[in-house]
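Here the numbering used here is used: the first residue of the sequence shown is 35, the next is one more, and so on.
Below is one structure, written out as structure tokens; the observations come after it.
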Amino acid sequence: MNALAVALGGAVGSLLRYAVSLWMVRSHPAGWPWATLLVNVLGSALLGGLAFHTIEQGALSQPTRLFLMVGLCGGFTTMSTFAFETLEYVRMGFAGKAATYAILSVALSVAAVFAGGGVARWLAN
């Protein structure tokens, strides 16, 4: 049952990431990996909120937690694409752009985990 929850969540998360990528390609200028940055920050915020509900509230059952936190968030966010895009910037000679993207992605994603937890805590009160 737990493996099925992770697999289903991963499928949903991956499809959502694909949909965001399609939308971003159509609506934002090329030249910056907006879709990857967006899904990683949004996924981190969601994970922060879900972690609050799991750790502080005990509000999620194990299958639900696995579906949402491991499957959905894991399938939605993408460390591998982030790493590849950063490497591509370096390979093309854009070391400054690579560093900016890496620092911005990590900083915003970590901040989003905290923000997601804070919003969930605020909503719970």
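Virtual Cβ for every residue (Gly too), placed ideally from N, Cα, C.
Worksheet item: Enumerated in chain order, which unbroken segments of the beta strand (DSSP E) with a length of 3 residues or greater are wholly contained in the region 81 to 128?
Response: Fully enclosed beta strand (DSSP E) runs of 3 or longer: not present.
Worksheet item: Among residues of its own chain, excluding the 5 on either side of Ser143, which ones have a beta-carbon nearer than 7 Å to its beta-carbon?
Response: Excluding sequence neighbours, Ser143 sits near Asn74, Val75 and Ser78.
Discussion item. Suppose you measure from the CA of Glu122 to the CA of Ala154; what does that come to, to the nearest Å?
Written reply: Taking C-alpha positions only, Glu122 is separated from Ala154 by approximately 36 Å.
Worksheet entry | Closest by C-alpha distance to Leu49, when choosing among Ser61, Thr111 and Ala85 | Of Ser61, Thr111 and Ala85, the residue nearest in Cα terms is Thr111.
Discussion item. In this structure, how does DSSP classify Gly150 when only helix, strand and coil are distinguished?
Written reply: In the structure shown, Gly150 sits in a helix (DSSP, three-state: H, G or I).
Worksheet item: Taking DSSP as the reference, what is the three-state secondary structure of Trp68?
Response: Trp68 falls in the helix class under three-state DSSP.
Worksheet item: Are there 16 or more other CB atoms within 10 angstroms of the CB of Ala146, so buried, or fewer, so exposed?
Response: Counting Cβ neighbours within 10 Å, Ala146 comes out buried, since at least 16 surround it.
Item to complete: For Met58, name the three-state secondary structure that DSSP assigns.
Response: Annotated three-state conformation of Met58 is helix, per DSSP.
Worksheet entry | Distance between Gly47 and Ile137 (C-alpha atoms, nearest Å) | A straight line joining the alpha-carbon of Ile137 with that of Gly47 spans about 24 Å.
Worksheet entry | Classification of Phe101 by the beta-carbon crowding that lies within 10 angstroms, buried from 16 upward | By the neighbour-count rule (16 or more Cβ atoms within 10 Å), Phe101 is buried.
Worksheet entry | Met159 in three-state terms, based on DSSP | Correcting the residue type first, residue 159 is Asn in the shown sequence and not Met. Here Asn159 carries a coil assignment [DSSP, helix/strand/coil].
Worksheet item: Once you ignore the five residues that flank Ile89 on each side, which residues in its own chain have a CB closer than 8 Å to its CB?
Response: Result list for Ile89: empty, nothing under 8 Å.
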